[in-house]
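Listed in order, the protein sequences are those of chains A and B. Just so we're aligned: the first sequence equals residues 1 to 338 in the numbering used here. Just so we're aligned: the second sequence equals residues 1001 to 1338 in the numbering used here. Every residue, glycine too, gets a C-beta built ideally from N, C-alpha and C.
Protein chains: 2
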Amino acid sequence: MAEKVTIADVARVAGVSRQTVSNALNTPEVVRPETRQRVLEVVEELGYRVNLAARQMRTGRSGLIAIRVDPVSDGINGSVFDRFLHGLTEAAAEAGHRLLLYTAADDHKEIAAFEDLLGAHEPDAFVLTSTHHKDLRTTWLLDRQLPFVTFGRPWSELPDVRHPWVDVDGAAGTEAATEHLLAAGHRRIAFIGWPPGSGVGDDRRLGWARALAGAGLDPTGLSRETPDGAAEGEAVARDLLAGDPDITALVCASDSLALGALQVARSPNPAWHSEAYRRIAVIGFDDTPVAKAIGLTSVHQPLTEAAARCMSLLSRALEGSPPSHLLLPPFLVVRQSA
Amino acid sequence: MAEKVTIADVARVAGVSRQTVSNALNTPEVVRPETRQRVLEVVEELGYRVNLAARQMRTGRSGLIAIRVDPVSDGINGSVFDRFLHGLTEAAAEAGHRLLLYTAADDHKEIAAFEDLLGAHEPDAFVLTSTHHKDLRTTWLLDRQLPFVTFGRPWSELPDVRHPWVDVDGAAGTEAATEHLLAAGHRRIAFIGWPPGSGVGDDRRLGWARALAGAGLDPTGLSRETPDGAAEGEAVARDLLAGDPDITALVCASDSLALGALQVARSPNPAWHSEAYRRIAVIGFDDTPVAKAIGLTSVHQPLTEAAARCMSLLSRALEGSPPSHLLLPPFLVVRQSA
DNA sequence: GTGAAAGCGCTAACAG
DNA sequence: CTGTTAGCGCTTTCAC
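Rendered as structure tokens:
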């Protein structure tokens, strides 16, 4: 049972040639239905499976899709990638592919990893995450016409960057969050985000600003920038609330930032609480387990769907179709914090 | 550069035979140092990389290690596996292997996946997680003498179950947690765990009981069982505290349970708060991002080390060494909750 | 429709 | 120490 059963065994038992077996499996329409039927029965009976290494030598296709996992999982936000990865594993399996993992510390190292992989395991395609401005990886892969899809839009101005991608509309997410707060009566809504230059962060700020503009409100003085982190979020929230007694709500670019902001919101501090009591609403981004655990309202990304879409765009790319892309809408998960 | 460079190219440029190149790479000691040096230079110059598919056809080894990822990441506790996976990816890379992902819904489906994989990609070994009583997978792999390692000890009574494994000493973790509470002066310390039968859960309960016994305390009436979950933990904690006014601390089998328990501990409810004010200490297990976020004291598992150890046991198994195993000590991360 | 031959890139076995 | 031969299992010609 664990013995190696080759195409020759199937051919012998079915009373046909090896080639006919191969045809029955790979090019069914070229074989007579009854022959095909018999071959398939024998395949089933013997538990035959194509040896991918042998196939790969002839066709050059390995059935492998490579994806990078970061050396360290940074806790709160790492869960976003992990959910995506789980979804992608399933989607890939349905498309007859398997995921191959690799690590790399930066763009250059990752390109070195591409070279290693292409020479060794020969993955059929790559899935790239965390796209950014001046992404060397996409350029490298495009130059060599290697199939890939990115989860994350190309944050580049170059109009000739043409590759399939899937992304979640971050601006729509923060916009929905802000509109939710507006609908609840909030009028002075601040934003805590990352320093400009990170496409994702800028996009999320944009949605907040758009919602304010839509309500005819002035965003001046209501936006702050900080590296990601709960401590950072807490500091910035404290500063914001102390400096502006009219702020009643905070939209954050991540759950980490929101978590810190929520500390401030939930334990009023005299330092900023000089005015009448304010109940501060807080909304995060990513709907991580932490958000669920502490009752933080957050923007949820449809990661399973994103993974499935990545896979289908990839399948299409492997068939030679021109690249297309997809911007998925996130949705707000409302909890106690807002 | 992206052109396919084979061993023949290297041989031609270096002025030796194909076999010498192969030897220089795989059996360096059998080749004259100067020849070897020249070959390696040409390899570098041409950017040659062995084609694993071709090698696999000859040697039967693919350089792949297969590991299952669960279809759905269950949020809080999923992060444990994910951290392990990240660590394993790195450890595998250092040992010259890559991780291949697959999914399966249960033991039987997973065994079917084994068969698929072995016939197709031919992984050199498997890494199994979530071992349990009557684990069909280990039996199946042992029967076929396929190399594998489990992260999780064999929870079986069978003395002949002999395979390499790595596990974290859960009992030592809850014991340390309980001792920490004892040292802080707590005398009536309850345990919230899972229904008996899940090796991991029973083990964690054992550590708590052991610590109490060591302090000469009676555990009677202090242990509760419930499926995992924050809501479940909350309900059980409420019940425990209402029924026993002397309880001042709760040790939980998971961060999910602890999260729920902490809700009760932090917002005193008249229902159980009939006695004098009690500050209830809570300790969780796994040290997930949620624990860090909400200041929950928790038992931390050394997952990166566990992954590295799994890989080294696997390497040894692939070399034919007899199986050995390892029980790693966890440690307590003390935060505000205890 | 079906079968025979060739060869993908590599390494184990053997000969020099 | 180095070179030659053979063949892993499969699929792509090309005959039949």
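| Asked | Found |
| --- | --- |
| Inter-residue Cα distance where the pair is Ile-1326 (chain B) and Ala-1104 (chain B) | With the sequence shown as reference, residue 1326 (chain B) is identified as Leu, and Ile is not the correct amino acid for it. Looking at the two C-alpha atoms, the distance is approximately 27 Å. |
| Members of the segment 118-135 of chain A that neighbour chain B once the beta carbon cut-off is set at 8 Å | Leu-118, Gly-119, Ala-120, His-121 and Glu-122 |
| At least 3 beta-carbon pairs within less than 8 Å: the segment 318-336 of chain A vs the segment 152-168 of chain A | yes |
| Buried versus exposed, by CB contacts within 10 Å (16 or more), Gly-1233 (chain B) | buried |
| Three or more C-beta pairs below 8 Å linking the segment 1034-1041 of chain B and the segment 97-111 of chain A | no |
| Endpoints, alpha helix (DSSP H) assigned at Thr-103 (chain A) | Thr-103 (chain A) -> no alpha helix (DSSP H), and no H or E assigned at all. |
| Trp-1165 (chain B) (DSSP reduced to helix, strand or coil) | strand |
| Ordered list of beta strand (DSSP E) runs contained in the segment 156-222 of chain A, each at least 3 residues | 165-168 and 189-193 |
| Rounded separation between Ala-1265 (chain B) and Pro-1219 (chain B) - CA only | 20 Å |
| Residue of A:Phe-114, A:Asp-124, A:Val-334 and A:Glu-122 minimising C-alpha distance to Thr-139 (chain A) | A:Phe-114 |
| Local Cβ density within 10 Å of Gln-37 (chain A), reported as buried at 16 or more and exposed below that | exposed |
| Chain A contact for Ser-1079 (chain B) (CB, 8 Å cutoff) | yes |
| Segment contact flag, the segment 1174-1183 of chain B with the segment 1201-1216 of chain B, C-beta cutoff 8 Å, min 3 pairs | yes |
| Rounded C-alpha distance that separates Phe-148 (chain A) from Leu-250 (chain A) | 37 Å |
| Inter-residue spacing [alpha-carbon to alpha-carbon] between Thr-1150 (chain B) and Gly-1197 (chain B) | 19 Å |
| Cutoff 8 Å: Ala-1293 (chain B) Cβ touching any chain A Cβ | yes |
| Ile-1067 (chain B), enclosing beta strand (DSSP E) - first and last residue | 1064-1068 |
| Three-state secondary structure (DSSP) of Glu-225 (chain A) | strand |
| Which of helix, strand or coil DSSP assigns to Ser-1312 (chain B) | helix |
| CA nearest to the CA of Gly-1330 (chain B), picked from B:Leu-1313, B:Ala-1306 and B:Cys-1310 | Rather than Gly, the amino acid found at residue 1330 (chain B) in this sequence is Pro. Here the closest residue by C-alpha is B:Ala-1306. |
| Supposed contact pair Asp-124 (chain A) and Gly-63 (chain A) - C-beta distance, whole angstroms, cut 8 Å | 7 Å |
| Straight-line Cα distance separating Leu-1296 (chain B) from Ala-1242 (chain B) | 22 Å |
| Check whether Ala-281 (chain A) and Asp-255 (chain A) have beta carbons under 8 Å apart | no |
| C-beta atoms of Val-21 (chain A) and Val-10 (chain A) nearer than 8 Å | yes |
| Interface flag, Gln-1301 (chain B) vs chain A, CB-CB below 8 Å | no |
| Residue closest to Gly-1152 (chain B), alpha-carbon to alpha-carbon, out of B:Arg-1144, B:Asp-1116, B:Gly-1199 and B:Gln-1145 | B:Gly-1199 |
| Close beta carbons around His-1121 (chain B), own chain, < 7 Å, minus the five adjacent residues each side | Ser-1062, Leu-1064 and Leu-1100 |
| Contact list for Arg-187 (chain A) against chain B, beta-carbon separation under 9 Å | Here the premise fails: no neighbours, minimum Cβ distance about 30 Å. |
| Given Gly-216 (chain A) as reference, the closest of A:Gly-284, A:Ala-66, A:Gly-119 and A:Arg-187 once Cα atoms are compared | A:Arg-187 |
| Residues near Ala-1308 (chain B) by beta carbon distance below 7 Å, same chain, minus five either side | Gly-1087 and Ala-1091 |
| Endpoints, the beta strand (DSSP E) within which Ile-1111 (chain B) is located | Unbroken run through Ile-1111 (chain B) is the alpha helix (DSSP H), 1107-1119; no beta strand (DSSP E). |
| Cβ neighbours of Val-1013 (chain B) in the same chain (closer than 6 Å, five flanking residues each side left out) | Val-1042 |
| Contact set between Ser-267 (chain A) and chain B, taken where Cβ atoms lie within less than 7 Å | Residues of chain B passing the Cβ test: none, with the nearest at roughly 12 Å. |
| Span of the beta strand (DSSP E), counted from its first residue to its last, around Val-1149 (chain B) | 1148-1151 |
| Start-end ranges of the beta strand (DSSP E) lying completely within the segment 242-296 of chain A, minimum 3 residues | 249-252 and 281-285 |
| Nearest-angstrom Cα separation, counted from Val-5 (chain A) out to Ala-54 (chain A) | 13 Å |
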